[in-house]
Amino acid sequence: MMDCIIVGSGPAGACAARRAAQRGLKTLCFEKERFPRHKPCGGALSMNGVNALDFPLTETVQEGFVYGIRAVYGRRRMEARRSRPIAVMVRREAFDALLMEKARESGAAFHMGEKVLRLEETQSSVTIQTSASVYQSRYVILAHGAGGVLHQRHPGPGTEGRRWKAVTRRFDASAAWLSTRPQDGVLEFYFDAHPDGYGWVFPLRGAFSIGVGGLHRGRVPTGATFRTFLKRLGGPEEDRYSGSPIPCRGIAPVLGSERILYAGDAGGFGEAFSGEGIFYAVRSGQLAADTIADALEGTLRGRLHRIFRSRCLQTLGDNLQYAAFFARWVYRFPGFFVSLFAERPSWARDFLGIPMGETTYKRFLLDRLRQGLRKNTGW
Ligand SMILES: Cc1cc2nc3c(=O)[nH]c(=O)nc-3n(C[C@H](O)[C@H](O)[C@H](O)COP(=O)(O)OP(=O)(O)OC[C@H]3O[C@@H](n4cnc5c(N)ncnc54)[C@H](O)[C@@H]3O)c2cc1C
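Using this note's numbering, read the sequence shown as starting at 771 and increasing by one per residue.
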C-alpha cells in the first residue's frame, strides 16, 4: 500500500511527488510518456515559479532571463522593464526532466510509460489500475494535465468552464526573417493577433518561441490565427505547430474528494489573463502533497478536499480569481489598455511585479482603485 500515488509527471505531478517524499510519504508517480517528452509551451517561467522551487535551476534548463514586456495593438505600443528578472525562459523537455529528477532524489518512485486507466475510491484507500498492473494507495493526486480523462469520472473541477487554447512552435533565430529581431530579454505580446488573447514572441537561447492563444469562447480557429501571425512577422507558411487547452477555473468549487486531489491543469489552475500555468501547477501540486501529508499525520481538522481548496484560495486566489476579472476588461478593450499602460509607466512597472511575486492581480487592481479615488476625491 502506497501513501500517495500521483498521476502525471508534469510540473504539478513532479513537484507534488517531491513534496510528498520530503514529508516522508511512500510516493509513486505514474507518467504515461517516456521522458524527454514534448510539451507545447512558450517556456516562460515567472519568478514566482522559480521561487516556488526549493532548488536552483541548472544551466541546461535555462534559456535566458526576461526583464520586461513589449505590448502591441495596431500602432499602439508600450514597453516596461525592470532591473531584476521577471521570468526565466526554460526548455520544457529539460525542465520537466529536472523536476522529476529532484523528486526522485527526495525518494519518490516513478513508473514511466505506464498510463493510469481507472481509479476506484473507497472509504480507506484508492485502487489504481494502470496499463501494467493494479496498485493501492491511501491517497491520489491527479496531475494529468488538461488532456487527461480521469476527472470525467470523479468528483472535481470537471471539464467544463473557462479555458485557454494555445498553439506554438520554436523557430531558429538564425532564420532570415528572425535574424534582425533583438534578443533583448523582453517578452513581446501582440494583443491584436488573437481574440481574447494574444500572439507572442519569446526569446530563447538561439531561438524564438512564437505562438498564439486566448480564452476560447466557442470555436476559435487558433491554427489560422497562428498562420496569419507568422505571415505578419515575415515568417513562413506554417502548418506545423502544437498546442493544447489550459483550463482556467480560478479556484474551482470542487477540487477533489476524501482521497483524491487535483493539481495543475487537471485542477483548472491556469491563469486566465496570460495563460500562465507552470507556477500554479508547481504550487497546487505542493499544496496537495502537504494536505495529504497533514491528513496522514492526523493534524487535518476538516475534510481533505475542502482544506486543500481553502489553502489554494489563500495562496493562489489573489492571482487566479482577479486575473479572470482583469482578462474580462482588457480583452474587451485591448487597444485602450495598451495606450493606458503606455501613458502610465509606473502602472506598467507595478504590473511586472505580479510575475515577480511583489504584488498580485488583486493588490494591483486595488492600488489603482485607491489611486483613482485619492486623485478624484482627495480621500
Ligand atoms: C501553447 C502553450 C504555451 C504555454 N506557455 C506557457 C508559458 O510560457 N508559461 C507558463 O507558465 N505556462 C504556459 N503554458 C501552460 C503550461 O504549459 C501548463 O499549465 C503546465 O504544463 C501544466 O502542468 P501540469 O503538470 O498540470 O500538466 P502537464 O504539464 O500537461 O503534465 C501532465 C502529465 O500527465 C501525463 N498524463 C496524462 N494522463 C495520464 C495518465 N492517464 N496516466 C499517466 N500519466 C498521464 C502527461 O503525459 C503529462 O506528462 C502553455 C500552454 C500551452 C498549451
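Quick reminder that beta carbons are idealized off the backbone N, C-alpha and C, glycines included.
None of these values were measured; they are calculated from a predicted model.
Name the two residues that bound the continuous alpha helix (DSSP H) containing residue i.
i: HIS1075; result: 1074-1100
i: LYS935; result: No alpha helix (DSSP H) holds LYS935; the beta strand (DSSP E) holding it covers 933-942.
i: PHE1107; result: 1104-1113
i: THR785; result: It is worth fixing the name first, because residue 785 is Cys in this sequence and not Thr. Per DSSP, CYS785 belongs to the alpha helix (DSSP H) from 781-792.
i: GLU871; result: 862-875
i: PRO1125; result: 1123-1126
Give the DSSP bridge partners of residue i, in chain order.
i: TRP970; result: PHE959, GLY981
i: TYR843; result: ARG846
i: GLY1013; result: VAL937
i: GLU891; result: VAL896
i: LEU912; result: VAL777, TYR1032
i: GLU801; result: MET882
i: MET859; result: ALA814
i: VAL904; result: GLN899
i: GLY1026; result: LEU1031
i: ARG851; result: GLY838
i: PHE1039; result: CYS1018
Given the structure, does residue i come close to ligand 1, in the sense that its CB is under 6 Å from one of the ligand's heavy atoms?
i: LYS802; result: yes
i: ASP966; result: no
i: THR938; result: yes
i: ILE775; result: no
i: CYS785; result: no
i: VAL886; result: yes
i: GLY883; result: no
i: ASP1035; result: yes
i: HIS808; result: no
i: HIS924; result: no
i: GLY915; result: yes
i: ILE1016; result: yes
i: GLU849; result: no
i: PRO855; result: no
i: CYS811; result: yes
i: GLY877; result: no
i: GLY1013; result: yes
i: ILE1048; result: yes
i: PRO927; result: no
i: PRO781; result: yes
i: VAL790; result: Here residue 790 is Ala; the residue named in the question, Val, does not match the sequence. Not under cutoff, so the answer is no.
i: GLY981; result: yes
i: ALA814; result: yes
i: ALA1051; result: yes
i: GLY1105; result: no
i: GLY778; result: yes
i: GLY918; result: yes
Would you please state the rounded distance, in angstroms, between the beta carbons of residue i and residue j? I believe it to be under 8 Å.
i: ARG1029; j: TYR905; result: The Cβ separation is near 13 Å, so there is no contact.
i: ALA822; j: MET859; result: Actually they do not touch by this definition, with Cβ atoms about 17 Å apart.
i: ILE1062; j: ASP1035; result: Contact doesn't hold; Cβ gap of about 19 Å is too wide.
i: ALA1051; j: GLY780; result: 6 Å
i: LEU1025; j: CYS1082; result: 7 Å
i: SER907; j: GLN792; result: Contact flag wrong, Cβ pair sits at about 18 Å.
i: ILE911; j: ILE776; result: 5 Å
i: THR995; j: LYS935; result: With a Cβ gap of about 10 Å, THR995 and LYS935 do not count as contacting.
i: PHE961; j: PRO1104; result: 4 Å
i: GLY783; j: GLY1055; result: 6 Å
i: PHE1043; j: ALA1093; result: 4 Å
i: SER1027; j: GLU890; result: With a Cβ gap of about 12 Å, SER1027 and GLU890 do not count as contacting.
Could you spell out where the beta strand (DSSP E) holding residue i opens and where it closes?
i: MET772; result: 772-777
i: LEU1066; result: Per DSSP, LEU1066 belongs to no beta strand (DSSP E); it is in the alpha helix (DSSP H), 1048-1067.
i: PHE996; result: That residue, PHE996, is in no beta strand (DSSP E); its alpha helix (DSSP H) goes 992-1002.
i: GLY834; result: 832-836
Quick check: is any heavy atom of ligand 2 less than 6 Å from the C-beta of residue i?
i: ALA1058; result: You won't find ligand 2 in this model; what it holds is ligand 1.
### Message
Under 8 Å: do the stretch 910-929 and the stretch 938-955 share three or more Cβ pairs, one atom per stretch?
### Response
Output reads no: the stretch 938-955 does not touch the stretch 910-929.
### Query
Are three or more beta carbon pairs between the stretch 836-843 and the stretch 798-812 nearer than 8 Å?
By the Cβ test, the stretch 836-843 is not in contact with the stretch 798-812, since fewer than three Cβ pairs between them sit closer than 8 Å.
### Message
Under 8 Å: do the stretch 1035-1052 and the stretch 1014-1026 share three or more Cβ pairs, one atom per stretch?
### Response
Touching, yes.
### Message
Could you check whether the stretch 971-979 touches the stretch 824-835, counting it as contact only if at least three pairs of C-beta atoms, one from each stretch, sit closer than 8 Å?
### Response
Yes: at least three Cβ pairs fall under 8 Å.
### Message
Closer than 8 Å is the cut-off here; do at least three beta carbon pairs connect the stretch 870-889 with the stretch 1002-1016?
### Response
By the Cβ rule, the stretch 870-889 does not count as touching the stretch 1002-1016, because fewer than three pairs are nearer than 8 Å.
### Query
Does the count of Cβ pairs from the stretch 1066-1073 and the stretch 1104-1117 closer than 8 Å reach three?
Output reads no: the stretch 1104-1117 does not touch the stretch 1066-1073.
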